[in-house]
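*Asks:*
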Amino acid sequence: MNNNWQTLISINPDIRFGKPTIIGTRICVSDILSWLSTGMSFEEIIEDFPELHKEHILAALAFAANRENITKIIAA
0 MNNNWQTLIS INPDIRFGKP TIIGTRICVS DILSWLSTGM SFEEIIEDFP ELHKEHILAA
60 LAFAANRENI TKIIAA
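For the sequence shown, numbering that gives the first Met the number 0 gives the first residue as 0, with consecutive numbering after it.
As structure tokens, then:
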């Protein structure tokens with residue numbers, strides 16, 4: 000898996016309450032995932048948010064995939 004997302008996404012408690020965001024923006028990974036889940040294309044997202052690039056959207060997907068891979072279910 001490409002770890003390039005680590006250079007494009009940061010978690011800062013002073014920005015968007017510590018949600019993972021694209022560096023240099025206030026756009027959260029969850030924002031990008033939500034837009035994609037509603038059917039927006041990469042091109043539509045970039046048109047609406049020109050500060051984003053294809054690499055940022057791919058980084059958000061890679062970040063989400065990484066989070067999913069490290070999530071563990073703990074029995075109570």
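Beta carbons: idealized from backbone N, C-alpha and C, even for Gly.
If you're wondering where the values come from, they're calculated on a predicted model, not measured in any experiment.
Can you give the Cα-Cα distance for I8 and A58, rounded to whole angstroms?
*Replies:* 7 angstroms
*Asks:* So what does DSSP say about A61, is it helix, strand or coil?
*Replies:* Here A61 sits in helix by DSSP.
*Asks:* Within a Cβ cutoff of 7 angstroms, which residues of the same chain sit near T55, ignoring the five residues on either side of it in sequence?
*Replies:* A small fix is needed here, since residue 55 is His in this sequence, not Thr. Answer for H55: L7 and I21, listed in chain order.
*Asks:* Taking DSSP as the reference, what is the three-state secondary structure of S36?
*Replies:* helix
*Asks:* In or out: D30 buried (at least 16 other Cβ within 10 Å) or exposed?
*Replies:* buried
*Asks:* In the DSSP assignment, find the unbroken alpha helix (DSSP H) run with I21 in it and report its ends.
*Replies:* For I21, no alpha helix (DSSP H) encloses it; the enclosing beta strand (DSSP E) starts and ends at P19 to I21.
*Asks:* Please classify I26: does DSSP put it in a helix, a strand, or coil?
*Replies:* coil
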